[in-house]
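First comes the structure, then the notes that go with it.
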Amino acid sequence: MSIRFTRAAAVLAGTALMLAGTAACSSERDSGGSATTGGAETTAAGGEAGDTLVGIAMPTRSLERWNNDGANLEALLQEQGFETSLQYADNKVDQQITQLQNMINQGADILVIASIDGTALGPVLETAAAQGITVIAYDRLINGTENVDYYATFDNYEVGQLQGQYIIDTLGLEDGQTGPFNLEPFAGSPDDNNAKFFFSGAWDKLLPYVESGVLTVPSGKAPASNDEWTTIGIQSWESARAQSEMDNRLNSFYADKKVDVVLSPNDSLALGIAQSLDAAGYTPGEDWPILTGQDADLANVKNMIAGMQSMTVWKDTRTLGEQVAVMIGQIVAGEEVEVNDTETYDNGVKVVPSYLLPPQVVTPDTIEADLVESGFYDAAELGL
Ligand code: BGC
13 MSIRFTRAAA VLAGTALMLA GTAACSSERD SGGSATTGGA ETTAAGGEAG
63 DTLVGIAMPT RSLERWNNDG ANLEALLQEQ GFETSLQYAD NKVDQQITQL
113 QNMINQGADI LVIASIDGTA LGPVLETAAA QGITVIAYDR LINGTENVDY
163 YATFDNYEVG QLQGQYIIDT LGLEDGQTGP FNLEPFAGSP DDNNAKFFFS
213 GAWDKLLPYV ESGVLTVPSG KAPASNDEWT TIGIQSWESA RAQSEMDNRL
263 NSFYADKKVD VVLSPNDSLA LGIAQSLDAA GYTPGEDWPI LTGQDADLAN
313 VKNMIAGMQS MTVWKDTRTL GEQVAVMIGQ IVAGEEVEVN DTETYDNGVK
363 VVPSYLLPPQ VVTPDTIEAD LVESGFYDAA ELGL
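In terms of our numbering, the sequence shown opens at residue 13 and continues consecutively.
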């Protein structure tokens, strides 16, 4: 099943449902029941917004996007009258589990979780389920448990496809350019379910060119298949680890050659890779390689303006927050929760009903139109 709604229609529908639910439901806060799967009917988790506590668990404050995601979702829910509890876990799995346990103890009705390790939350979610709490996986899927009701994210495979296609277009590979071009691929954190989707999306585009020799990988770090992506994964998405990995590759394999393309799955890795390239003497506008990214983090958008990053895949996290707020409104109203993908995200126990939002390529030429005109950044903070 695949139902496609426009964003505006979805937000309007959600708001209408929420108002209807607010009028119709009792104000019993602990009347919660858990949602059934498949986007089917749910029982109301709280009844009214003001009686509903939403726990929001974010992975870390160390990456810009999660600060924006948390603050944005909290503000949206509070505007609509929900009680919220927002916690950041410093990228530590045990800390996140403790925070979730605290939210459950506080009487949370709904949990919105951007997990650190998507496979580590089974036991705590067992406790949540026993108390009828509805669980929404936020941005990252939660694996190995039946106790996750919904998943809201961007189309993660499409993120990788956009990065791969950008490289193909920029090198002119579909126009007959045969290179060979030197490519260095990177992948995200092995404990993050999204990372394999990002890599698969990109590698499905690029692997044929690697196999034909148009793209060569001097370091040899070219997974033979998508399943081998963890061999080039950067733990915890850390910039510093990406930087030292790039230093190693440049020092060991590039004494007599230049790298033409670096596939970076996101902006935190791209930041470290750019530092490594800079230290190795690459010059923007001259021999700087194509370097991809994701998130449109401020430092990376500045790097794009400075010629040190070629593109980023922008996921307007404001729209993700809006979609989750719509879902929460529907859950509280006891209505069917709108999803648009019931096939892709199998967590090992079940296919989690998902709402996927579209990611978008931003290049230096479109920063103004995409990021400034939409109000995502002020021109001044970008130095424009
Ligand atoms: C998110 C990316 C982010 C990465 C590192 C992924 O799960 O989808 O947007 O760059 O985590 O935080």
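Heads up, the beta-carbon is just placed ideally off N, CA and C, and yes, glycines get one too.
Taking the Cα of Pro-301 as reference, the smallest distance to any Cα among Ile-179, Phe-388 and Asn-159 is reached at Ile-179. About 7 Å separates the CB atoms of Ser-322 and Thr-375; that is less than 8 Å, so the two are in contact. Distances between the C-beta of Ser-366 and the heavy atoms of the ligand BGC are all 7 Å or more. At a cut-off of 7 Å, the beta-carbon of Gly-200 counts as near the ligand BGC: some heavy atom of the ligand is closer than that. Here Phe-94 carries a coil assignment [DSSP, helix/strand/coil]. DSSP places Thr-139 in the uninterrupted alpha helix (DSSP H) bounded by 134-142. In this structure, the CA atom of Asp-279 is about 33 Å from the CA atom of Ala-120. In the structure shown, Met-323 falls within a coil segment according to DSSP collapsed to helix, strand and coil. The beta strand (DSSP E) runs of length 3 or more contained entirely in the region 108-132 are, from start to end of the chain, 122-125. Collapsing the DSSP output to three states places Val-363 in a strand. Taking 7 Å as the cut-off, the C-beta of Leu-75 counts as close to a heavy atom of the ligand BGC. Looking only at Leu-174, Thr-96, Ala-69 and Lys-362, the smallest Cα-Cα distance to Asn-103 is reached by Ala-69. For Asp-299, the CB contacts under 6 Å within the same chain, skipping 5 residues up- and downstream, are Lys-270 in chain order. Counting only runs of at least 4 residues, the region 225-303 fully encloses the following alpha helix (DSSP H) elements, listed from N- to C-terminal order: 251-265 and 279-291. The Cβ atoms of Ile-379 and Ile-317 lie closer than 8 Å to each other. In the same chain as Gly-134, and ignoring 5 residues on each side of it, the C-beta atoms closer than 6 Å to its own belong to Gly-156 and Thr-157, in chain order. The alpha carbon of Asn-359 has as its nearest neighbour, out of Ile-116, Gly-67 and Thr-131, the alpha carbon of Thr-131.
Taking 8 Å as the cut-off, the beta carbon of Leu-195 is found closer than this to the beta carbon of Val-229. Looking at the DSSP output, Gly-67 sits in a beta bridge with Ser-97 and Leu-123.
Under DSSP, Val-374 takes part in a beta bridge, and its partners are Thr-324. The nearest non-hydrogen atom of the ligand BGC is 7 Å or more from the C-beta of Lys-314. In the DSSP assignment, Val-147 falls within the beta strand (DSSP E) that extends over 146-150. About 16 Å separates the CB atoms of Tyr-169 and Ala-149; that is not less than 8 Å, and the two are not in contact. The beta carbon of Phe-193 lies closer than 8 Å to those of Leu-183, Val-226, Leu-227, Thr-228, Asp-272 and Val-273 in the same chain, with the five residues before and after it left out. At the C-beta level, Val-325 and Val-373 come within 8 Å of one another. Counting along the chain, Thr-165 sits inside the beta strand (DSSP E) bounded by residues 162-166. The count of Cβ pairs closer than 8 Å, one atom from the region 76-88 and one from the region 103-119, stays below three, leaving the stretches out of contact. Lys-217 and Asn-206 have their C-alpha atoms roughly 17 Å apart. The alpha carbon of Gly-333 has as its nearest neighbour, out of Glu-60, Asp-204 and Gln-90, the alpha carbon of Gln-90.
Note: Leu-368 is bridge-paired with Thr-165 in the DSSP secondary-structure output.
In this structure, Arg-152 has its beta carbon less than 7 Å from a heavy atom of the ligand BGC.
Distances between the C-beta of Trp-326 and the heavy atoms of the ligand BGC are all 7 Å or more. Under the DSSP assignment, Asn-194 falls outside any alpha helix (DSSP H), being part of the beta strand (DSSP E) whose first and last residues are 193-197. At a threshold of 7 Å, Ser-280 counts as near the ligand BGC, since its beta carbon sits closer than that to one of the ligand's heavy atoms. Beta-bridge analysis with DSSP links Gln-306 to Val-325. Straight across, the Cα-Cα distance linking Val-124 with Val-361 is about 19 Å.
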